[in-house]
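Chemist: Have a look at this one before I ask anything.
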Amino acid sequence: MTSYETILVTRDGRTATITLNRPKALNALNAVLMNEVVDAATTLDRDQGVGAIVITGSERAFAAGADIKEMQAQSYQDMFLSDWFTAWDRLAAVRTPLIAAVSGYALGGGCELAMMCDVLIAGDNAKFGQPEITLGVIPGIGGSQRLTRAIGKAKAMDLILTGRTIGADEAERAGLVSRVVPASDLLEEAAAVAHKIAEMSLPALYVAKEAVNRAFESTLAEGLLFERRTFHATFAFEDRTEGMTAFIEKRPAKFTHR
Ligand code: CO8
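Residue 1668 in my numbering sits at position 195 of the sequence shown; the count goes up by one each step and never skips.
Next up, the structure:
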């Protein structure tokens, strides 16, 4: 497996974990880390032996945002010509289910990275926020769009205009996170969710993720049609035949991709 400078990648059966590892900078997202996360995730995504990927940080910080020290001296022209942070779009395009396991700070780009994942599990010590306004900028890796879709305009405006941080319970009430667990159990819970997902049929997982994400890109009528046509298409999967046959024969399904 490739060795990286700012992340650790581990495999456990059909699951993988990407751990952000810049502890001295509270996992601030610099260009190296972005490219490494994207490289690791897209490499794992091409591996049909992987059915779920966990992205996590340290106990103190999932990620405290984009690296302010790296950005501070950049000009508009630098940002524009390099299309700063566009590589994160490749993470959002990963087909394998992504699980964010968030402990501590998930601020700015850290919150945005967590929101690029499909399932967001928070330790009860997690803190979410989009504090960019306090630096004189705005969210730049999707915060104004994904946060608003996740928690609605009123709450998103509150967080983005004041820069305030919310705890795990408020984040759960707002619909930002999937579940909150004791911080000490976070990695175990995230691994259990990853294993559960990875047991499922891989093509069914891919289309389920596509169908949910389509809800953010289309009208209800278009989304419902996409869902129905995709549902019809699952009848072409060998795993669909096996899943339904196994149910009728009262035995566990043996999907091809696991
Ligand atoms: N970037 C760089 N370094 C950071 C960052 C960061 N985002 N966050 C923390 N660090 C560093 C600190 O500078 C410090 O380093 P050093 O020891 O060398 O001084 C170290 O991490 C530890 O941090 P603190 O001493 O500040 O730790 P505290 O426990 O006192 O505070 C906080 C923790 C509250 C998380 C505090 O560090 C903080 O407020 N960090 C910044 C949070 C923030 O503003 N994040 C948003 C960044 S901007 C952003 O994400 C925009 C994304 C869009 C860009 C898109 C471009 C297209």
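Glycine residues also receive a C-beta, built at the ideal position from the N, C-alpha and C atoms.
Please classify residue 1535 as buried or exposed, where buried requires at least 16 neighbouring CB atoms within 10 angstroms.
Modeler: buried
Chemist: Between which two residues does the beta strand (DSSP E) holding residue 1602 run?
Modeler: 1600 to 1602
Chemist: Using 8 Å as the threshold, is the stretch 1658 to 1678 in touch with the stretch 1625 to 1641, meaning 3 or more CB pairs across them?
Modeler: No contact exists between the stretch 1658 to 1678 and the stretch 1625 to 1641.
Chemist: Below 7 Å, is the gap between the Cβ of residue 1580 and the nearest heavy atom of ligand 1?
Modeler: Yes, the beta carbon of residue 1580 sits closer than 7 Å to at least one heavy atom of ligand 1.
Chemist: Does the stretch 1592 to 1608 come close enough to the stretch 1506 to 1520 that 3 or more CB-CB pairs lie under 8 Å?
Modeler: no
Chemist: Who does residue 1481 pair with in a DSSP beta bridge?
Modeler: 1492
Chemist: For residue 1533, which residues of its own chain have a beta-carbon under 8 Å away from its beta-carbon, when the five flanking residues on both sides are left out?
Modeler: For residue 1533, where only same-chain residues beyond five positions count, the Cβ hits under 8 Å are 1496, 1499, 1576, 1577, 1578.
Chemist: Is residue 1572 helix, strand or coil when you go by DSSP?
Modeler: strand
Chemist: Around the C-beta of residue 1555, are 16 or more other C-beta atoms found within 10 angstroms, so that it is buried, or is it exposed?
Modeler: By the Cβ neighbour-count rule, residue 1555 is exposed, with fewer than 16 other Cβ atoms within 10 Å of its own.
Chemist: Heavy atom of ligand 1 less than 7 Å from the Cβ of residue 1612, yes or no?
Modeler: At least one heavy atom of ligand 1 lies less than 7 Å from the C-beta of residue 1612.
Chemist: Determine the DSSP secondary structure at residue 1580, reduced to helix, strand or coil.
Modeler: strand
Chemist: Going by the DSSP bridge assignment, what does residue 1738 pair with across the sheet?
Modeler: No answer is possible for residue 1738: the residues shown for the chain start at 1474 and end at 1731.
Chemist: Can you tell me the Cα-Cα spacing of residue 1719 and residue 1493, whole angstroms?
Modeler: 40 Å
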